[in-house]
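All remarks here apply to the structure that follows.
There are 2 protein chains.
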Amino acid sequence: MRSVTVELGSRSYPIHIGRGLLSCAELLLARMSVPRAVVVSNEVVAPLYLDRLVTALRGAGVDVSTLVLPDGEIHKDRASLDAIHDALLAGCAERSTTLIALGGGVTGDVAGFAAATYQRGMPFIQVPTTLLAQVDSSVGGKTGINHPLGKNMIGAFHQPRLVLADLDTLDTLPERELKAGLAEVIKYGLIRDREFLAWLEENVERLTAREAEALAFAIERSCIDKAQVVAADETESGLRAILNFGHSFGHAIEAGAGYGVWLHGEAVAAGTMMAAELSHRIGWLDAADVARIESLLRRAGLPVRGPALGVDRYLDLMSHDKKMEAGRLRLVLLARIGEALVHAGAPEAEIRAAIAARSADHSRQ
Amino acid sequence: MRSVTVELGSRSYPIHIGRGLLSCAELLLARMSVPRAVVVSNEVVAPLYLDRLVTALRGAGVDVSTLVLPDGEIHKDRASLDAIHDALLAGCAERSTTLIALGGGVTGDVAGFAAATYQRGMPFIQVPTTLLAQVDSSVGGKTGINHPLGKNMIGAFHQPRLVLADLDTLDTLPERELKAGLAEVIKYGLIRDREFLAWLEENVERLTAREAEALAFAIERSCIDKAQVVAADETESGLRAILNFGHSFGHAIEAGAGYGVWLHGEAVAAGTMMAAELSHRIGWLDAADVARIESLLRRAGLPVRGPALGVDRYLDLMSHDKKMEAGRLRLVLLARIGEALVHAGAPEAEIRAAIAARSADHSRQ
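First to last, the protein sequences are chains H and D.
The first sequence begins at 1 in our numbering and counts up by one.
The second sequence begins at 1 in our numbering and counts up by one.
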């Protein structure tokens, strides 16, 4: 088992990464206030792993109830949030009861927001079952739901007590979702970890082939990168924004295509290319850097072009994103490979050109 | 103008108390990140005071939009929360925009929760227009909405940047609401401030007569008491719970009678008598103390008996309250006048007897 700590003073917490962790109830119990828990999962993950987790918890003397929600980004909404709150109240969950999210990023984000707001905050544990959730969304305390006018617009910061990444759960992960997770893994290399990026360029095929040792290393390294950024800037007043590299474009793709049509990681991959293209157009990256990024994303099986929404629609959707400052778009761009900066000064003409060049609107493929 | 500071490190904020403050836009502007605001008010308060506030803000160069919601405890619900989020998104409010609540406790609690969760937290200013909101709900960062199964069950801690208590707004406050506010004022005397309680016993008729100097003193003293408790225990891991004196019983009254039938302060007054009665039955207060409390509440024009819900219904409603610990009721009781303690050991028979003695179920009036 590998372990990474997110250093947040009295709210620090461990991320455990390894095989068979769903059955290690003691790891969870050690982080609970009282031996009482509600597990929230989804219709895809529950049939595969819910029994294993619940059986282990009950064996350790934990009073457990469960709630299974529909799966998918379109269910990261008010209805799912309300369903969790209703179930907590109907089951008389107390402020000391622990909410456990068993599933991917959607389950973790919605359940985490429900935990943040139930009785003004209850203990929360993340048990992510997708690569994307294990390397990104389960770590760092961002929780929330989507709104028809924008992704993650309603939410809260609420750190988990523990993140338990059981590598066994990746065995059943659909190929497309595994690849989508790699978009966030590659992101860490691009924004702050050149050494990791070089490792990825050597080993990306070992990851798509699900080699256990390679996956364990990539997840640990991703969590170390994210934990360091979160520890330095928990509530995104500065540095943490670099984690949104590719996400302003990506969120527009997700919303514009209709939530759930593009996976989050796929949209981030195409958004990464738009951000890289823009970084090149304002003179920060050279063309070879952009080609290098595109090559790695392609080898990971990820899309490198956004859908044909029309450039105006992209800009409209991006203006509803959270990264606005006095009416200007704040975008995360690459000063060079391995170094991201937040920049509000990119000319609109260049933003438009980058979107056009890296979307199917003007496909030259 | 009197000012009290809530000491919370980098998140400390001032409470200003005085006449004509709605027109002092500079006080608000000084606490905003950017000169952009959305004012949330209700249908009763908006016709009286919204123009005054908006005109002042615009005069100071602030870009202001407004949203007016229905009034009343039954509207402290998901629908109001959603309406605020929808309006913020439709108006392209940014994370740096300030949300201003102009109204009573309901408006402040719902708007505060919307601010806590919009883009994971936006700046928030409280402009309370009822006595209850000025002495209690606007101070300390508790925000939230009700759920059919319990009051304030969904919410967050989100401290305001500023509390602006304009005494002018009390001129139009209905008599019944003024008296309801006095229940929370008296609470501070009972739980931690014997000197203030003695002052109230000398001056309560000056308060019901709305003497300006008396009101200003009572609001300032209440805010000082509350600010000290909040500074010592922001998220209610210990001491802060004493502020809930009378509230477990009171919440049961509010929910049992139907939200809005009893005003919050009225329910707290009757709940105060139940808590005092129970404190007497377990040997903490003597009978003369209980009579002294009843006398002051009566002089303030407040109810001293709960409605006839039936004792079982009271206990059922209280079991859904947030103050549960391993299945036992944690109640705030008085060790003596001026000193409250959280106690989970009161025998159920005594809790039942206290409810029966101080509700209309067994009225002996």
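In this text, a Cβ means the ideal position worked out from N, Cα and C, and glycines have one as well.
For Leu-57/D, would you say it is in contact with chain H, using Cβ-to-Cβ distances shorter than 8 Å as the test? With its beta carbon at least 8 Å from every one in chain H, Leu-57/D lies outside the interface.
Should the region 97 to 105 of chain H be called in touch with the region 113 to 129 of chain H, which here means at least 3 C-beta pairs below 8 Å? The way I'd put it, the region 97 to 105 of chain H does touch the region 113 to 129 of chain H; three or more beta-carbon pairs between them come closer than 8 Å.
If you drop the 5 nearest sequence neighbours on each side, which residues of the same chain put their C-beta closer than 6 Å to that of Arg-328/D? Its chain contains Ala-344 as the residues whose beta carbon lies nearer than 6 Å to that of Arg-328/D, once the 5 sequence neighbours on both sides are disregarded; these appear in chain order.
Can you list, in chain order, the residues of the region 63 to 85 of chain D whose Cβ is nearer than 8 Å to any Cβ on chain H? Listed in chain order, the positions of the region 63 to 85 of chain D with a beta carbon within less than 8 Å of a beta carbon of chain H are Arg-78, Asp-82 and His-85.
In the DSSP assignment, the alpha helix (DSSP H) including Lys-76/D goes from what residue to what residue? Going by DSSP, Lys-76/D is part of no alpha helix (DSSP H) at all; its letter is neither H nor E.
With a cut-off of 8 Å on the beta carbons, I'd call Pro-160/H and Ser-33/H a contact; round off their distance for me. Cβ atoms of Pro-160/H and Ser-33/H stay farther apart than 8 Å, at about 13 Å.
Taking CB distances under 8 Å as the criterion, tell me whether Lys-179/H reaches chain D. Put simply, the CB of Lys-179/H is far from chain D, with every gap to its CB atoms at 8 Å or more.
Which full runs of the alpha helix (DSSP H) of 4+ residues lie inside the region 35 to 99 of chain H, going along the chain? The qualifying runs are 51 to 59 and 78 to 90.
Of the residues Tyr-259/D, Asp-286/D and Asp-168/D, the one placed nearest Ser-23/D, counting alpha carbons only: Nearest C-alpha to Ser-23/D: Asp-168/D.
Going along chain D, which residues have a C-beta under 7 Å from Gly-155/H? Per Cβ cutoff of 7 Å: Thr-117 and Arg-120.
So, using beta-carbon positions, are Ala-46/D and Val-68/D closer together than 8 Å? It is a contact, given that the beta carbons lie within the stated cut-off.
Please confirm whether Leu-89/H and His-147/D have their CB atoms less than 8 Å apart. Against a cut-off of 8 Å, the Cβ pair of His-147/D and Leu-89/H comes out as a contact.
Taking Gly-144/H as the query, report the chain D residues whose CB atoms sit under 7 Å from its CB, ordered along the chain. Per Cβ cutoff of 7 Å: Arg-120.
Any Cβ of chain D within less than 8 Å of the Cβ of His-343/H? Among the residues facing chain D, His-343/H is not included, as its CB has no counterpart in that chain under 8 Å away.
How about Val-185/D and Phe-245/D: do their beta carbons lie closer than 8 Å? No, the Cβ-Cβ distance between Val-185/D and Phe-245/D is not below 8 Å.
Using a cut-off of 9 Å between C-beta atoms, extract the partners of Ala-90/D located in chain H. By Cβ distance, chain H contributes Leu-149.
Based on Cα-Cα distance, which residue from Ala-227/H, Ala-267/H, Arg-292/H and Thr-235/H lies nearest to Val-383/H? Because residue 383/H is not part of the residues shown, which for chain H are 1 to 365, the question remains open.
So which residues of chain H does Ser-319/D contact, with C-beta pairs closer than 9 Å? The contacting residues are Cys-92.
Could you pull out every residue in the same chain whose Cβ sits closer than 8 Å to the Cβ of Thr-5/D, ignoring the five residues on either side in sequence? Within the same chain, Thr-5/D has close Cβ partners Ser-12, Tyr-13, Pro-14, Ile-15 and Ala-227.
Nearest CA to the CA of Glu-266/D: which residue from Gly-181/D, Val-139/D, Glu-7/D and Ala-79/D? Comparing alpha-carbon positions, the option among Gly-181/D, Val-139/D, Glu-7/D and Ala-79/D lying closest to Glu-266/D turns out to be Gly-181/D.
At which residues does the beta strand (DSSP E) containing Ser-3/H begin and terminate? First-last of the beta strand (DSSP E) with Ser-3/H: 2 to 6.
Examine the Cβ distances between the region 132 to 142 of chain D and the region 299 to 306 of chain D and report whether three or more of them are shorter than 8 Å. The region 132 to 142 of chain D vs the region 299 to 306 of chain D: no contact.
By how many angstroms is the C-alpha of Glu-277/D removed from the C-alpha of Ala-288/D? Rounded to the nearest whole angstrom, the C-alpha separation of Ala-288/D and Glu-277/D is 11 Å.
Per DSSP, what kind of secondary structure is Met-153/D in: helix, strand or coil? Strand, per DSSP.
Secondary structure at Gly-250/H, three-state DSSP: helix, strand or coil? Looking at Gly-250/H - three-state DSSP - the assignment turns out to be helix.
Pick from Leu-48/D, Ala-111/D and Asp-193/D that is closest to Gly-338/D, judged by C-alpha positions: Measuring from the Cα of Gly-338/D, the nearest candidate turns out to be Asp-193/D.
Beta-bridge partners of Ile-242/H, as assigned by DSSP: None; Ile-242/H has no bridge partner.
Do you know offhand how far Glu-7/H's Cα is from Leu-200/D's? About 48 Å.
Can you grab the Cα-Cα spacing for the pair Gln-365/D / Leu-296/D, in whole Å? Note that Gln-365/D scores 39 on pLDDT, short of 50, meaning its location in the model is unreliable; the coordinates nonetheless yield the value given after this. So the alpha carbons of these two residues sit roughly 17 Å apart.
So what's Val-342/H in DSSP terms, helix, strand or just coil? Looking at Val-342/H - three-state DSSP - the assignment turns out to be strand.
Less than 6 Å between C-beta atoms, sequence neighbours within five positions excluded: which residues of the same chain meet that for Gly-155/H? Answer for Gly-155/H: Phe-113, Thr-143 and Gly-144, listed in chain order.
Which residues in the same chain have their Cβ closer than 7 Å to the Cβ of Ala-354/D, if we skip the five residues on either side of it in sequence? Setting aside the 5 residues that flank it on each side, Ala-354/D is surrounded in the same chain by Met-274, Glu-277, Leu-278 and Arg-281, each with a C-beta closer than 7 Å to its C-beta; the list follows chain order.
Is DSSP giving Ile-145/H helix, strand or coil here? Ile-145/H sits in a strand when the DSSP states are folded into three classes.
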